[in-house]
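Okay, structure first, notes after.
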Amino acid sequence: LDFENARERQFNLTVTVEDLDFSSVAVCLIEVEDSNDHSPAFLSQFVQTNPVFEDVPVGTTVTTVRATDKDSDLNGKIIYSIKSESDPMRQFVVDQFGHVVVASALDREAIQKYALIVQASDQGTPARTGSVTVLINLLDINDNGPRFEAPYMPVVW
């Protein structure tokens, strides 16, 4: 049986009992309930964003990811999150719609590119998950002035 196949969600069962003198008929309606048998799935394993300048304002959406789940009700309701090991400084967040948003100031001199693992979890028991890797390259801006590598000691002749 497969709940996702509409023709397999309900069955009518007719039970007949007979002996030599009497018979009886009972009609039963059997309804199939959904089980959490599908994981959330993304269209691809990787998403490459357009390059982002390091001074992009906090709150800017850099990309949107979308997962689908063939299950119904809570078994198919998706919650997005970013795996902490892929963004230990928590510089990005993902909202309920899959928008990947800048959460704190970026600095290309510290981190040049990100490989965020966005996870989609359904609300079934137990929960099932799927993931996509979002690749973000930062573009440098001229935000650091020149400086001497060694202490400057003027020489006067």
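Numbering follows UniProt numbering, with no gaps: position 130 of the sequence shown is 130.
Each residue gets a CB set at the ideal place from its N, CA and C atoms; glycine is no exception.
Everything numeric in this text was worked out from a predicted model, so none of it was measured.
Exercise. Relative to the alpha-carbon of THR125, which residue among PHE97, VAL132, LYS113, SER72 has its alpha-carbon at the smallest distance?
Worked result: Comparing alpha carbon positions, the residue from PHE97, VAL132, LYS113, SER72 closest to THR125 is SER72.
Exercise. How big is the Cα-Cα spacing for VAL56 and ASP107?
Worked result: In a straight line, the C-alpha of VAL56 is about 10 Å away from that of ASP107.
For this session: Have a look at VAL156 and LEU139 and give me their C-alpha separation to the nearest angstrom.
Result: Straight-line Cα distance between these residues: approximately 41 Å.
For this session: Have a look at SER86 and TYR114 and give me their C-alpha separation to the nearest angstrom.
Result: Distance between the alpha carbons of SER86 and TYR114: 8 Å.
Problem set entry | According to DSSP, residues forming a beta bridge with GLU31 | According to DSSP, GLU31 bridges with GLN10.
Problem set entry | Own chain residues within Cβ distance below 7 Å of ASN12, not counting five before or after | Within the same chain, ASN12 has close Cβ partners VAL27, LEU29.
Problem set entry | Spatial distance of VAL134 from LYS83 (CA atoms) | Using only the alpha carbons, I get a separation of about 11 Å.
Problem set entry | Option in THR63, THR60, SER24, ASN75 with minimal Cα separation from THR14 | Comparing Cα-Cα distances from THR14 to each of THR63, THR60, SER24, ASN75, the minimum goes to SER24.
For this session: Thinking VAL101 and THR61 are a contact (beta carbons under 8 Å), I'd like their distance in whole angstroms, please.
Result: Separation of the CB atoms of VAL101 and THR61 is rounded to 5 Å, and the pair is thereby assigned contact status at 8 Å.
Exercise. Between the C-alpha atoms of VAL132 and PHE148, what's the straight-line distance to the nearest angstrom?
Worked result: A direct Cα-to-Cα measurement between VAL132 and PHE148 gives close to 43 Å.
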